[in-house]
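Take a look at the structure below.
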Amino acid sequence: MEKSRPHNLTERSGALLAPFKEWGWLQGARDSIRRMLQQRATAHEIALGCALGAFVSITPLLGVQTLMAIVMAFVLRASVPAAIVGTFIGNPLSWPFIWVSTYLMGLQMVGLEGAFDAAAVQRNIELLGNALLDPSPQLLDATAALFWPLLWPMLAGSLPIGLLTAAVVYYVSRNSVRAWRSRHMASGTAASE
């Protein structure tokens, strides 16, 4: 008896996340990477997708990074699944390091003097929380005015750091895909997995 396909959005998303539920997150990630390696794309297309995902994950534009990676991969004819996997470089463990490094690099690039004032950061966080709870136009304008001086250096600094990260990820990904494929082609298991 054939299994029926999920019909609504909840069922479809549950089916998409099934490997992560059944085997745990690490096992699901390993399965996603294996599927990425087995797709009918060249090592260059997969590596370019990973590099594009890594590049956009360095930007401070949370919430749109995956969408940016998908669009860039589509436009540049890179592997879209690999671009999504590449965005995993930006995660809650790496964000503090990414944000501090892009901010400091950006300060140097745009020629701004910058120091972190803990009291100002606390006020900004409270203002952001208030803006999210009560999104009045005046409060949103005040929040944007406070965060632009922080966001602008981070955007500028993310370009060189993102390009360097993308270059490293491209090189490592391309060589890893080639090695994985040659090892599995030699043993004859690449097509059967």
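In my numbering, each number is its position in the sequence shown, counted from 1, plus 268. Beta carbons are placed, not taken as given, at the ideal position from N, Cα and C, and that holds for glycine. In this text the structure is predicted, and so the values were computed from the model without any measurement.
Sort the options by Cα distance to residue i and report the nearest one.
i: residue 326; options: 357, 372, 440; result: 357
i: residue 362; options: 449, 403, 322; result: 322
i: residue 391; options: 403, 309, 411, 422; result: 411
i: residue 431; options: 404, 309, 370, 334; result: 370
i: residue 378; options: 434, 418, 319, 439; result: 418
i: residue 374; options: 420, 414, 449; result: 420
i: residue 330; options: 355, 340, 402; result: 355
i: residue 301; options: 416, 441, 451; result: 441
i: residue 364; options: 453, 450, 298, 422; result: 422
Given residue i, which residues of its chain have a CB within under 6 Å of its CB, disregarding the five upstream and five downstream residues?
i: residue 349; result: 304
i: residue 253; result: As displayed, the chain neither begins before 269 nor continues past 461, which places residue 253 out of reach and without an answer.
i: residue 544; result: The question about residue 544 has no answer, for the chain in this structure spans 269 to 461.
i: residue 336; result: 324
i: residue 317; result: 341, 346, 347, 350, 351
Is it right to say residue i is buried, meaning 16 or more other beta carbons lie within 10 angstroms of its own, or is it exposed?
i: residue 315; result: buried
i: residue 380; result: exposed
i: residue 376; result: exposed
i: residue 328; result: buried
i: residue 353; result: buried
Kindly list the residues whose CB is nearer than 8 Å to the CB of residue i, restricted to its own chain and excluding five residues on each side of it in sequence; keep chain order.
i: residue 446; result: 311
i: residue 342; result: 348
i: residue 313; result: 345, 346, 347, 350
i: residue 444; result: none
i: residue 429; result: 326, 366, 369, 370, 373
i: residue 435; result: 319
Mind reading off the beta-carbon distance from residue i to residue j? Whole number of angstroms is fine, and I expect it under 8 Å.
i: residue 425; j: residue 372; result: 7 Å
What does a CB cutoff of less than 7 Å around residue i pick up in its chain, not counting 5 residues either side in sequence?
i: residue 398; result: 407
i: residue 309; result: 347
i: residue 307; result: 347, 349
> Taking the runs of the alpha helix (DSSP H) that are 4 residues or longer, which of them lie wholly in the region 309–380?
Replying inline: Listed in chain order, the complete alpha helix (DSSP H) runs (minimum 4 residues) inside the region 309–380 are 311–325, 333–343, 348–354, 363–378.
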